[in-house]
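Visitor:
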Amino acid sequence: MTETDFSIRTFRGGYDDNFTYLVSCMQTGTQFIIDAAIPLHKIKPYIHTKIHAVLITHTHGDHTAHLDEILNEFPDAKYIGYENLVNQNSKFEFSPVNDKDRILLGKLNIDVIYTPGHFPDSVCYLMENIIFTGDTLFVGRTGRTISAKSSTNDLYHSVYDKILSLPSNTLIYPGHDYGEKPNISLADNIKISPLLQAKSEKDFIDRMAYYEANRKQKKRRN
1074 MTETDFSIRT FRGGYDDNFT YLVSCMQTGT QFIIDAAIPL HKIKPYIHTK IHAVLITHTH
1134 GDHTAHLDEI LNEFPDAKYI GYENLVNQNS KFEFSPVNDK DRILLGKLNI DVIYTPGHFP
1194 DSVCYLMENI IFTGDTLFVG RTGRTISAKS STNDLYHSVY DKILSLPSNT LIYPGHDYGE
1254 KPNISLADNI KISPLLQAKS EKDFIDRMAY YEANRKQKKR RN
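Counting from 1074, one number per residue, gives the positions in the sequence shown under the numbering used here.
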């Protein structure tokens, strides 16, 4: 498959500059959504016939805010996320996935990467050279680990052992618009982010602590 075999339309809005992605398989017309942060009426003009699946990167409420709205409209769509959900945010039937599972939608293969840290049920979805990272990795930094269910140690292993081991030209499609641009390659992201330049797990934990202590107070919550 090549980039000409699929298209990605990005929608920005929601609770805190969230991204929702509408992915289309150009060969079959199959369409699916990644993260349900945006009202359906904003996405609907770009839906050809129906949505085949909704993939959730984690169950924080801003990423599932419009999940049932979408599934009410497209009840045959699969609701996909990590098998051990933390928050049951939908009344619809759930299709669980685990680390290293492969999802086939149309002719597109989407590989599941389990990436706890920001939240225990966080996953990333890898499609060709594109990775949808949710709140695990943003443009310019990692996700935060400030909630009771977060783990900085887990985040280190998710980012450094799993994501940063991917090819350097892999493009990041994050869950929020927190950077200077919406997407970036892994190689370029490492260059601009001190949180991606740690020499060890302890170094990463220290860098995260420094980031939180010196973080500018903004509306951004993740």
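Here a beta-carbon is modelled for each residue, glycine too, at the ideal position from N, C-alpha and C.
Hey, quick one: how far does the alpha helix (DSSP H) through Ala1138 stretch, first residue to last?
Guide: By 1-based counting over the sequence shown, the position of residue 1138 is 65. Ala1138 -> no alpha helix (DSSP H), and no H or E assigned at all.
Visitor: Just the C-alpha distance for His1125 and Pro1189, rounded to the nearest angstrom, thanks.
Guide: Along the sequence shown, one-based indexing puts residue 1125 at 52. Along the sequence shown, one-based indexing puts residue 1189 at 116. Each residue's Cα considered, the two are about 26 Å apart.
Visitor: Taking Ile1204 as the reference, give the member of Gly1252, Arg1085, Gly1086, Tyr1094 with the closest Cα.
Guide: Along the sequence shown, read from residue 1 onward, the residue named residue 1204 stands at position 131. Per the Cα distances, Tyr1094.
Visitor: Answer yes or no: do Gly1213 and Ile1176 have a C-beta to C-beta separation smaller than 9 Å?
Guide: As a working note, residue 1213 is residue 140 in the sequence shown. As a working note, residue 1176 is residue 103 in the sequence shown. No, the Cβ-Cβ distance between Gly1213 and Ile1176 is not below 9 Å.
Visitor: Give me the residue from Lys1115, Gln1104, Phe1092, Tyr1088 with the minimum Cα distance to Leu1134.
Guide: Along the sequence shown, one-based indexing puts residue 1134 at 61. This sequence places Gly at residue 1134; Leu is not what is there. Per the Cα distances, Tyr1088.
Visitor: If you run the structure through DSSP and keep just helix, strand and coil, what is Ala1286?
Guide: Residue 1286 sits at position 213 when you count from the first residue of the sequence shown. DSSP places Ala1286 in helix when its eight states are reduced to three.
Visitor: Taking the C-alpha atoms as reference points, what is the distance between Arg1280 and Ile1120?
Guide: The residue you call residue 1280 lines up with position 207 of the sequence shown. The residue you call residue 1120 lines up with position 47 of the sequence shown. Spanning the two alpha carbons is a distance of roughly 42 Å.
Visitor: Can you name the residues that DSSP bridges to Gln1104?
Guide: Taking the sequence shown and counting its residues from 1, one reaches residue 1104 at position 31. DSSP, once it has assigned bridges, lists Ser1097 as partnering Gln1104.
Visitor: Going by CA-CA distance only, name the one from Leu1259, Pro1240, Lys1235, Ser1238 that's closest to Tyr1246.
Guide: Start at 1 with the first residue of the sequence shown, and residue 1246 comes out as number 173. That would be Leu1259, whose Cα lies nearest to the Cα of Tyr1246.
Visitor: Output yes or no for whether 9 Å exceeds the beta carbon distance between Asn1160 and Thr1132.
Guide: Numbered from 1 along the sequence shown, position 87 holds the residue referred to as residue 1160. Numbered from 1 along the sequence shown, position 59 holds the residue referred to as residue 1132. For Asn1160 and Thr1132, yes; Cβs fall inside 9 Å.
Visitor: According to DSSP, which residues form a beta bridge with Asp1184?
Guide: For this step, residue 1184 is matched to residue 111 along the sequence shown. Looking at the DSSP assignment, Asp1184 forms a beta bridge with Arg1175, Leu1199.
Visitor: Roughly how many whole angstroms lie between the Cα atoms of Arg1288 and Ile1081?
Guide: By one-based count along the sequence shown, residue 1288 stands at place 215. By one-based count along the sequence shown, residue 1081 stands at place 8. Approximately 32 Å, taken between the alpha carbons.
Visitor: Would you mind sorting His1114 into buried or exposed? The rule is 16 or more other CB atoms within 10 Å of its CB.
Guide: Taking the sequence shown and counting its residues from 1, the one referred to as residue 1114 is at position 41. Burial call: exposed.
Visitor: Go ahead and label Ser1097 buried or exposed: buried means 16 or more other beta carbons lie within 10 angstroms of its beta carbon, across all protein chains shown.
Guide: As a first step, residue 1097 must be located in the sequence shown, where it is residue number 24. Label assigned to Ser1097: buried.
Visitor: At what residues does the alpha helix (DSSP H) containing Ala1260 begin and finish?
Guide: By one-based count along the sequence shown, residue 1260 stands at place 187. Here the alpha helix (DSSP H) through Ala1260 covers 1259-1265.
Visitor: Label Asn1262 either buried or exposed according to how many other C-beta atoms from any shown protein chain fall within 10 Å of its C-beta, with 16 as the threshold for buried.
Guide: Counting from 1 along the sequence shown, the entry for residue 1262 is found at position 189. Looking at its Cβ environment, which holds 16 or more other Cβ atoms inside 10 Å, Asn1262 is buried.
Visitor: Report the residue from Tyr1152, Met1200, Asn1242 whose alpha carbon sits nearest the alpha carbon of Lys1264.
Guide: Residue numbering aside, residue 1264 sits at position 191 when the sequence shown is read from its first letter. Closest option to Lys1264, Cα to Cα, is Asn1242.
Visitor: Which of helix, strand or coil does DSSP assign to Ser1241?
Guide: Numbered from 1 along the sequence shown, position 168 holds the residue referred to as residue 1241. If DSSP states are grouped into helix, strand and coil, Ser1241 belongs with coil.
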